[in-house]
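Numbered according to mature numbering (1 follows the signal peptide of the UniProt record, and there is no 0), the sequence shown spans residues -22 to -1, 1 to 143. The beta carbon of each residue, even a glycine, is placed where N, CA and C say it ideally should be. Keep in mind that this is a model prediction, so the values were computed, not measured. Here's the structure we're looking at; comments come further down.
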Amino acid sequence: MRYLTLGIMLCASLVVGSTVQAQPIDPQIAAPVTRFIDAFNKGDVAGAAATHASAADLVIIDEVAPYLWRGAKAFETWMGDLDRDAKAKGITDQQVTLGKVTRVETNGTSAYVVVPSAYAFKEKGVAMREEAQMTFVLKKDPAGWSIHGWTWTGPRGKKITTATK
């Protein structure tokens, strides 16, 4: 009986714990994140870079070596490394889709935003999809909100099959 009770409690906690609700986000905070992804998807490197602070505290963590970029040129350096990695692996047709924001914390001049994301691409002609979380840190200055850091966190991409579409 004790094991049955523990099993029921575990199942209940998994069901309750896995329920993630979207959180409302100030459109001004969301704007740089949305512009970044839209520009990335269009191949507009300058537009994507414009959403990031050109500051010493800019930090990017991603799955491409060397995995960590920081400083005023972090975005440009990351983009170059991403491009080299894509060419080496035969990756094309890169697209990122953002889900609904699951967490927002803000104190008025800094914000922390978590959003589920999906990265679709072709690797040597094979359609792939990678589910992840993106976590952004933004700061507000007189010009508005800008991205000061972000991470991409998730498992490796998987081949898209009928079951994964």
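| query | What residues in its chain sit with their C-beta under 7 angstroms from that of A9, if we drop five residues either side in the sequence? | reply | Here residue 9 refers to the residue found at position 31 of the sequence shown. If we look at A9 and ignore the five residues flanking it on each side, its Cβ neighbours are W123.
| query | Any idea if T29 is buried or exposed, counting beta-carbon neighbours within 10 angstroms, 16 or more meaning buried? | reply | Your numbering for residue 29 matches position 51 in the sequence shown. Classification of T29: buried, given that the 10 Å Cβ count is 16 or more.
| query | Does the Cβ of D40 have 16 or more other Cβ atoms within 10 Å, making it buried, or fewer, making it exposed? | reply | In the sequence shown, the residue the question calls residue 40 occupies position 62. Buried, by the Cβ-count rule.
| query | Do you know how far the Cα of Q(-2) is from the Cα of residue 158? | reply | One cannot answer for residue 158 here, as it falls past the ends of the chain, which runs -22 to 143.
| field | C-alpha gap between K100 and D4, whole angstroms | value | Within the sequence shown, the letter at position 122 stands for residue 100. Within the sequence shown, the letter at position 26 stands for residue 4. Going from the Cα of K100 to the Cα of D4 covers about 34 angstroms.
| said: What would DSSP say about E41, mapped onto helix, strand or coil? | reply: The residue labelled residue 41 in the question sits at position 63 within the sequence shown. Correct three-state label for E41: coil.
| task | Decide if the segment 71 to 91 is in contact with the segment 102 to 116; the criterion is three or more beta carbon pairs, one per stretch, under 8 angstroms apart. | result | yes
| task | Report the residue ranges of all beta strand (DSSP E) runs contained in full by the segment 104 to 142; include only those spanning at least 3 residues, in chain order. | result | Within the segment 104 to 142, the complete beta strand (DSSP E) runs of at least 3 residues are 104 to 119 and 122 to 131.
| Pairwise C-alpha distance: K137 and V104 | The count along the sequence shown starts at 1 and reaches residue 104 at position 126. The count along the sequence shown starts at 1 and reaches residue 137 at position 159. Straight-line Cα distance between these residues: approximately 7 angstroms.
| task | Assign P2 to one of three DSSP states: helix, strand, or coil. | result | For the purposes of this step, residue 2 is identified with residue 24 of the sequence shown, where counting begins at 1. Three-state result, P2: coil.
| Mapping DSSP to helix, strand and coil, what is K78? | Numbered from its first residue, the sequence shown carries residue 78 at position 100. Coil at K78, not helix or strand.
| said: Between which residues of its own chain and G49 is the CB-CB distance below 7 angstroms, once the five residues before and five after are set aside? | reply: Here residue 49 refers to the residue found at position 71 when the sequence shown is read from its first residue. For G49, where only same-chain residues beyond five positions count, the Cβ hits under 7 angstroms are A34 and L36.
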